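Read through the structure below, which is laid out as C-alpha cells, and then see the notes.
Chains as they are written, first to last, in this note's numbering: chain A, 1 to 621; chain B, 1001 to 1621.
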C-alpha cells in the first residue's frame, strides 16, 4: 500500500460515482458550513459597527437582522429555482452566462473564485484567531496551526465527497444543536419572564451614553457587515451534481435545511441579544468577549454546556473553509468545461473529485496565509463583495431565464428574482461603499483582470481548435518515405542499434558524423558498415562527415538537418537520437547530454517536417 | 554581438591553437604567480613560528631559508626533467601513474586538485584580508570583494591563455621588479655599512627575551611553515602543452626564470631580515605589520616607492589564485583523458581552454569562500600537504622513470630525484605532523575518498565500453519492420499528421485510444479513417480501444505497449508521440503534458525494443 493510498485512499472507479454521491445529511456539512458558521460572526459584525451608539445600539439589531433575514429568504428562493433550472451545477456562473452573456458569467465566476479563495484564508485564520485568543500561549504558532488545518482540509477533500461529509458531520451538528438549544432555552426564559429574562451570567454593561447619533450611513454599514452572514448561500447551487438521485430534490432539501437553520439562528440570536441587553465589546481590546460567548453564558451559565458550545463554535469556524473546498473545484470545473480555464480543472482525480481545483485552492490559500503570517484581518474587507456580486448577477440572470421560459408561475418567479436582484444589487453598492478604501478596491481591480485572463484562455483554445481541426482528405498527395538521419559520434553498439532500426523501415539513411582527427569510422567504413549492409542486401546508408572548426557538435548537426529539410520540401526528416539512459542518477555527469540537447534544439527550430526518433540505450553499468 | 562575445570573446577555431600558445614572458605570470607570491608570505610564516624565541629567533631565518632554498633547487631539477620526459603535461599525476601505478598517480592528482581548490580560496582571501587590514572600513565587504575577484579571474581565464597572460603581466612584473629593487638596495646598504645597515624607518623592537628555548620541534614547525613558499613550483609541468614550440624549451625556460627569481627573493629577504633585525609582529594583534612592509620601509623609507611596492604585493596576493586556474583545468583534462574524471573536462571551450575545469574550480572556490564568509584562516592548515605529497610522488616516479630509461646522465638524475623524494617526503611528514590536528586530517581523509570516486568513474566508463562495444555481425537476423503505435485522444490534425507519417514507413500501424463516453473516433472510424486509407491504397491501421475504469490514460497506454512488446519478441515497437510545442511558455498550463509523461514513463520501463518517435506539432496560437 503506497503512501498515497494511506493518505487519500484507494482509487475509485468511474462506475463508483453514484455511491460517492451524497444526500442532505452529508450535504449540510459539506455545502453549509460556510453559511451556518456565519451565525457565529454575522450578528457580532453588525453589533460591532453599532458600538458608537452605546446601549441604544443594541435595539437596532432586531430590525437589521430582520432585513438580513428577508434578503436571505429572497436569495434562497432564487437559488432554489436555479437548482431546478440548471441541475448541471455551476450556479451563478451558469445562470449569468446563459442569460446575460459570456462576460457577466465570467464576472460572476471570477467574483466567486476570489471569494472562495479569501474564504479559506479568512475562515481558517478566524478559527485559529479564536483559538489563540482563548489560549494565548499558542500565539507564536498561529501560522503553523493555520497551515495544519489547511493541510487537513486538503487531504480530507482529496479523499472524496462522502468521506469529507462523514468527517464534518459531527462538528457541524454539534454546533447547530448547541446553538439551537441556546436559542430555544433563551426564548423560553424570555417568554416565562415576560420579555425580561434574568441572565445567569450578566453580560458586561454596555456604554450607556451614545458617542454618536444614529445615522443612515451607520445603519447601512452595520447592515453591510451583517450581510457577511449570507455568504455561502450559493454553495449548493454550484454543486448540484454532488447529490444522489433525485438530484434536484436532494439539493433543494439541503439548501432549505441550511437556510432554515440559519434563519432560526440569526433571528434567535438577534432577539435574545436585545432581550438580554448584550452589546458587542470592542474587538482587539482587553475584556473582549464574543457576542455568542456572552449570550451562551447569559442563557446557560458558564457550565459544561457552555464549554461544549464554545468548542464547537471554534471548530466550525476553522472548518468553514471547507465549503470553498467543495465549491471552488466544481466552479472551476464548470468554467473549464466551457474552456475559460485550463481543461485539467475538469479531470476527476483518483477519488472522483476535481483534484486540480483542490490543489490550486490549497496553494493559493496557503500563499495568502503565509503572506499575512496567519492573521488575515486585512483581507476581511475584500470579502463578501464577490459573493454579493454573484448573487446579483445570478438573480438578474434568473429574470432573463423566466422571460425566455414563460410558463406556470414564471411571472411570480420573475418578480421574486427581480426583487432579489435589486436588493442584492443595492447590498453590493453598500458593501463596496462601506469597504472600498479598506481594501474592496483590490477585488474591483482583480475581477476584470481575471476576466481578461479567462477570455484569453478561451481564445487560445479556440485558435488551437482551428489549427488542429482535422483536414478532409488527409492522405491526399501521400508523402514519400522519410529521410533518416543518424548522428553518430563513435561506432558503438548504440550506433549499430540505431542503424539496424533505421534499415527496418527506410531506404534513405544517412549517418551524420562530425569530423575528428584520425577518424576510425571514415577509415574503416567499408569493413564496419558497407560490407555488412551489402551482405544483408539492405539499402546502403550514406556517410556524411561535417567539419567542425570550432569544436561544436550539436550545432553542426542541427544545421545539417535544417539544410536537408530545406532541400527536400516534400519529405519528412526523421532524426534518430540515441538516448543513453543511465541506471543511477549520479551517472548523469559522466555522459554528455547531447541526445537531450539535440532534441531540444531541433524542437526549438519549429520545423514541422522534422521528427525525432528516440532509440533508447539502457546502461546496465 | 552577444553578451558571451563581449565577456569571453569570439569563438576561436581549433586551427588557432598555435597562436594561442605562450612563451616565457606570459608563462611567468600564468604559471608563476602562485610560486612568486609566496615570497610575500613564506618567510613571514616561518618568522611567526619563531616569535616565542624573541629577538634571537630572527637569527634562525637564514639557515631555515637556506634549507628551503636547497629543497627548492632539488624540486626544480626534478620538474625540469619531468617537463622533458612528459611533454604532454600532467606533471606529478602523469609521472606517478606511469612509474608507480594507477593508485599513486590518482593520489598525486587528488592531492593537487585539493591544493588548487584551496589555493584559490586561500589566495583570494589572503589578498582581500591584506586589503581590508589596510582599509578597515572595507571590512563588511570582505566576501563581496572575494567573489568579485573570483569572478574576474574566472572570466579572464575563460577568455583564453594569451589574454590571461597579457592581463597578468603588468602586476607580476611590477611585483617582481619592486621586490628585486628592495633586495638589491638593501644588500648594497648592508655591504656598504659592513653588515649593519641603518634602517630608514626602524622596525618595531622585537621582544628581547625568549619565552621559549629553541627546540628541534619548533624549528621543524618553522621549516614546515616556510615550505608553503614551494607550492606552485609544479605548475609549469602540468601545463607544458600551453607553450609554443619548442614546447619543452619554452616550458623549461619559464620554470627556470620563476625559480631563479624566487630563490633571489627568498634568500635576499632572509639575509636582509637578519641584517636589519626584523622580527615578525604577532598576527591579528594591534600594531601588526607584515615583514615585507617593515623590510621595505627599513630599506626605502615610507616613500612613494614603498606605496607602489605594497600595492603590488596586495594585487599579486589577490591574483596568486590564477595559477590554479591555469593548472586545475589542465590537470583535470589529463585525468579525464584517462577516464578517471567525467570526459567533459577534456573538451576545449570556445576560447580553446578547458572551460569545464574553470567553471568547476570557480564554483568550488566560491562555495568555500561563501562557507567561510571570505575569511579562510581555518583552511590554511589544509594547504601545502597536497603539494608536498605530489612533489614526493612525482620525484619517486622520476626515480622509476630513470630506472626504466637508463642512458647518459640517468644515474645522476636518479640520484637528484631520489634525494628530492626523500627530502620532500620528510617535509610531508613534518607538515602533516605540525598541522594534523589543526585541519590537515581533512585532506588525509579527502584524498582516498577522491581516489575511490575516480576509480569508480573509471570502472563505469570501462563497463560502458564493454556494453557498447560494436558487435561483429550487427545485421545478422535482420529484424522485421516495426509495429507502430499511435496513442490518439481526439481525431485532430495532430493525430492525422502522426498517422500520415506512420503510413509512410510502416504496414502494421495501431491507433490506440482510451475509451470514453460517446466516442466519435469509434463511431465514425469508417468515414474518418478507413475509407480514406482504402482510397489511398495504404495498409489499413487497426483501431485499439482500451477501457479506463479509473480515468487514467498514460498508464493504460504504457501497459498496452509493454504487452505488445512481450507478444512480439522480435520486433521493435515505435510509439508515435505528438508533442504539442507551445509558442509561449505560459501556455504550458493550458495543455496536458501527456506526450512528455508518456515518453518519460516508457523510458523508465527500460525496454530496449521500445522506441519513441516525436512528431512535433508547433502551435501558432
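Even for Gly, the Cβ is constructed at its ideal location relative to N, Cα and C. All figures in this text were calculated on a predicted structure; none of them were measured in a lab.
Inclusion of residue 1148 (chain B) and residue 1157 (chain B) in the CB contact set at 7 Å is not warranted, their separation being larger than that value. Membership of residue 176 (chain A) in the alpha helix (DSSP H) is indicated by the continuous run 161-192. Against chain B, the CB of residue 496 (chain A) has a partner CB under 7 Å away; the residue lies at that interface.
DSSP lists A:484 as the beta-bridge partner residues of residue 509 (chain A).
Only residues of its own chain outside the window of five on either side were considered, and among them 1345, 1346, 1354, 1357 have a CB closer than 8 Å to the CB of residue 1333 (chain B), listed in chain order. Listed in chain order, the positions of the segment 1444-1470 of chain B with a beta carbon within less than 9 Å of a beta carbon of chain A are 1457, 1459, 1460, 1461, 1462, 1463, 1464, 1465, 1466, 1467, 1468, 1469, 1470. Separation of residue 1617 (chain B) and residue 555 (chain A) (C-alpha to C-alpha, rounded to the nearest whole angstrom) is 22 Å. In this structure, residue 1153 (chain B) places its C-beta atom within 7 Å of the C-beta atom of residue 1325 (chain B). For residue 157 (chain A), there are no C-beta contacts with chain B under 8 Å, since the nearest C-beta of that chain is about 18 Å from it. Assigned with DSSP and collapsed to three states, residue 322 (chain A) falls in helix. Against chain A, the beta carbon of residue 1603 (chain B) has neighbours under 9 Å at 579, 581, 614, 616, 618, listed in chain order.
For residue 574 (chain A), the three-state secondary structure derived from DSSP is strand. Looking at the backbone, the Cα of residue 1318 (chain B) and that of residue 490 (chain A) are separated by about 44 Å. Residue 1394 (chain B) is a Cβ neighbour of residue 1095 (chain B), given a cutoff of 7 Å. Taking C-beta separations shorter than 7 Å and ignoring five residues to either side along the sequence, the partners of residue 1082 (chain B) in its chain run 1091, 1095, 1237, 1394, 1398, following chain order. Distance between residue 84 (chain A) and residue 248 (chain A), taken at the CA atoms: about 6 Å.
Considering only beta carbons, the part of the segment 1528-1544 of chain B lying closer than 8 Å to chain A consists of 1528, 1532, 1533, 1535, 1536, 1538, in chain order.
For residue 514 (chain A), DSSP records a beta bridge to A:546.
Contacts between residue 595 (chain A) and chain B, judged by CB atoms closer than 9 Å, are missing: the closest CB pair is about 11 Å apart. Within the same chain, and ignoring the five residues on either side of residue 1231 (chain B) in sequence, the residues whose Cβ sits closer than 6 Å to its Cβ are 1384, 1387.
Look at the beta carbons and you see the segment 180-188 of chain A not touching the segment 45-63 of chain A: under three pairs across the two are nearer than 8 Å.
Look at residue 610 (chain A) here: in three-state DSSP terms it is strand. Listed along chain A is no residue with a C-beta nearer than 9 Å to that of residue 1378 (chain B); the closest approach is about 29 Å.
Around the beta carbon of residue 1217 (chain B), fewer than 16 other beta carbons lie within 10 angstroms, which makes this residue exposed. Under the Cβ distance rule, residue 504 (chain A) counts among the residues neighbouring chain B, one pair being separated by less than 7 Å. Contacts with chain A at 7 Å (Cβ-Cβ) include residue 1481 (chain B).
Against chain B, the CB of residue 549 (chain A) has a partner CB under 7 Å away; the residue lies at that interface.
Closer than 7 Å at the C-beta level to chain B, one finds these residues of the segment 8-40 of chain A: 11, 13, 14, 15. At a cut-off of 7 Å between beta-carbon atoms, residue 608 (chain A) makes contact with chain B. DSSP places residue 491 (chain A) in the coil class of the three-state scheme, outside both helix and strand. Ranked by how close their Cα comes to the Cα of residue 1401 (chain B), the residues B:1413, B:1390, B:1392 have B:1413 in first place.
The C-beta of residue 1492 (chain B) comes closer than 7 Å to at least one C-beta of chain A. Looking at the DSSP output, residue 580 (chain A) sits in a beta bridge with A:617.
Sequence-distant Cβ neighbours of residue 290 (chain A) in its own chain, meaning closer than 7 Å and more than five residues away, are 44.
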